[in-house]
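Mapped onto the UniProt record's numbering, the consecutive letters of the sequence shown carry residue numbers 1 to 312.
Below is one structure, written out as structure tokens; the observations come after it.
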Amino acid sequence: MKRRSLPLTALRAFEAAGRLGRMTAAAEELSVTHGAVSRQVQHLEQVLGVALFAGPRTKPRLTAAGRALLSDLSAALDQIEAAVQAVTRAKDVILDVSCLSTFLMRWLIPRLHRFHDRHPEIDVRLRALEDSADSRSEQADLVITVDALSRVSSYGRKQHVLFKEWLGLVATPDLISRRQVQSLGELPADLLLQTKTRLNAWSMWCDAACSAPLEPAGAVFEHYYYTLEAVSAGLGICVAPWHLVAGDIEIGRLVAPFGFVESGFCYVAKPRFPSAPKIDRFCQWLAEEAASMPRPPDPRDQARDGEAPASI
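Below, the structure written as structure tokens:
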């Protein structure tokens, strides 16, 4: 018999009746009447041309053909049930999250163990995006990206604003001390490093800090991650978001002698679906992590601590 001709409803009714041993029990399991189960079994016998049950209606027993069919049919239905449950379970417990690569490496991954500890049942799968317009973001359950604060008010409850972006000039303490940097005018152009994915970072910082324009002439790196590694190695100075360098500044690996200023942008979590438990839990955790972030240091505090005073 071809697959397209299989009497699936009748097979299901027979399997339940044979497994449970009574038509009434099968009817209860399938939420139909006793007569409906009986008619489906009779229909199956007619289609197959063999008797599946023998004996009185009140206590039917399986024939040899019925026992053989029941064994294989129950195994097949168990396999179908397991396959459906696996797909459903994967939908409920696998969370695909996409975000910009440096944010992924320097902010999300170092914190992710806390989410795993709280929700071990959710399997978070991460994907790095080249930029905010990366088309692969459409395949994710949740996308974390950057957007202008001026557009945030139109999002409503469909998006979750995590935190504002603060930008600052960062370098190693040794470089600042060695170059005796006291003001922006003393910054050598060839030490001003750039990032290919955000070539306007220097102009953005100058505009936000009300500073005279700077003309960076240093090396250009593919991603912020590479730029920050170059800065940490003492190769120059770059404009960096506070959330990417907060840990390095806290331990003294980097300093921001001119402080941080708001860029006019913010980080936003955008769910693919309006409401799903796994997404809601992750967004709640993201909000808690964002709220626990320290504020950027005030350059006046750095000056009091003995670092280079800021003069813009």
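Quick reminder that beta carbons are idealized off the backbone N, C-alpha and C, glycines included.
Since this is a predicted model, take the numbers as computed values, not measurements.
Exposed or buried, which one is residue i when buried takes at least 16 other CB atoms within 10 Å?
i, result
"Cys99", "buried"
"Ile249", "buried"
"residue 360", "The chain is shown from 1 up to 312; residue 360 falls before or after that span and cannot be answered."
"Ser183", "exposed"
"Arg295", "exposed"
"Val87", "exposed"
"Ile279", "buried"
"Val84", "exposed"
"Gly259", "buried"
Hey, out of the options, whose CA is closest to residue i's CA?
i, options, result
"Ala256", "Pro271, Pro297 and Val84", "Pro297"
"Glu138", "Ala64, Glu289, Pro271 and Pro7", "Pro271"
"Pro173", "Ala212, Val220, Ala233 and Cys206", "Ala233"
"Gly252", "Val220, Ala171 and Ser292", "Ala171"
"Arg57", "Glu121, Ser31 and Gly21", "Gly21"
"Lys196", "Ser150, Arg3, Glu130 and Pro294", "Glu130"
"Thr9", "Ala209, His43 and Val124", "His43"
"Gly66", "Lys2, Ala230, Leu11 and His34", "Leu11"
"Gly49", "Glu81, Val181, Gln79 and Met1", "Met1"
"Met293", "Glu262, Gly247 and Pro277", "Gly247"
Measure the beta-carbon distance from residue i to residue j and round it to whole angstroms, keeping in mind my assumption that it falls under 8 angstroms.
i, j, result
"Asp141", "Val97", "7 angstroms"
"Leu214", "Leu193", "With a Cβ gap of about 12 angstroms, Leu214 and Leu193 do not count as contacting."
"Tyr225", "Thr102", "4 angstroms"
"Leu95", "Arg125", "7 angstroms"
"Ala212", "Ser263", "Between Ser263 and Ala212 the Cβ distance is about 18 angstroms, and since that is not below 8 angstroms, they are no contact."
"Cys266", "Val143", "The pair is not a contact, with the Cβ atoms about 14 angstroms apart (cut-off 8 angstroms)."
"Arg281", "Ile122", "7 angstroms"
Keeping to the same chain, check which residues put their C-beta closer than 7 angstroms to that of residue i; ignore five residues upstream and five downstream.
i, result
"Leu191", "Gly218, Gly236 and Ile237"
"Pro7", "His43, Leu44 and Val47"
"Asp305", "Low per-residue confidence applies at Asp305: pLDDT is 46, beneath 50, and the placement is therefore not dependable enough to give any value."
"Arg185", "Reading off the sequence shown, one finds Gly at residue 185, where the question assumed Arg. If we look at Gly185 and ignore the five residues flanking it on each side, it has no Cβ neighbours."
Could you pull out every residue in the same chain whose Cβ sits closer than 6 angstroms to the Cβ of residue i, ignoring the five residues on either side in sequence?
i, result
"Gln159", "Val268 and Lys270"
"Arg127", "Ser98"
Report all residues from its chain with a CB closer than 8 angstroms to the CB of residue i; omit the five preceding and five following residues, and keep chain order.
i, result
"Val41", "Ala10, Ala13, Phe14, Ala17, Met23, Leu52 and Phe53"
"Ile109", "Leu126"
Counting only beta-carbon atoms, is residue i nearer than 8 angstroms to chain B?
i, result
"Cys210", "The displayed structure is made up of one protein chain only, and chain B is not part of it."
Is it the case that the stretch 161 to 177 contacts the stretch 231 to 242, given that we only count it when at least three CB pairs across the two stretches are under 8 angstroms? yes
Whether or not the stretch 72 to 86 and the stretch 113 to 121 are in contact is what I'm after, with contact meaning three or more pairs of Cβ atoms, one per stretch, closer than 8 angstroms; do they touch? no
Would the stretch 193 to 204 count as touching the stretch 270 to 289 if we require 3 or more Cβ pairs under 8 angstroms? no
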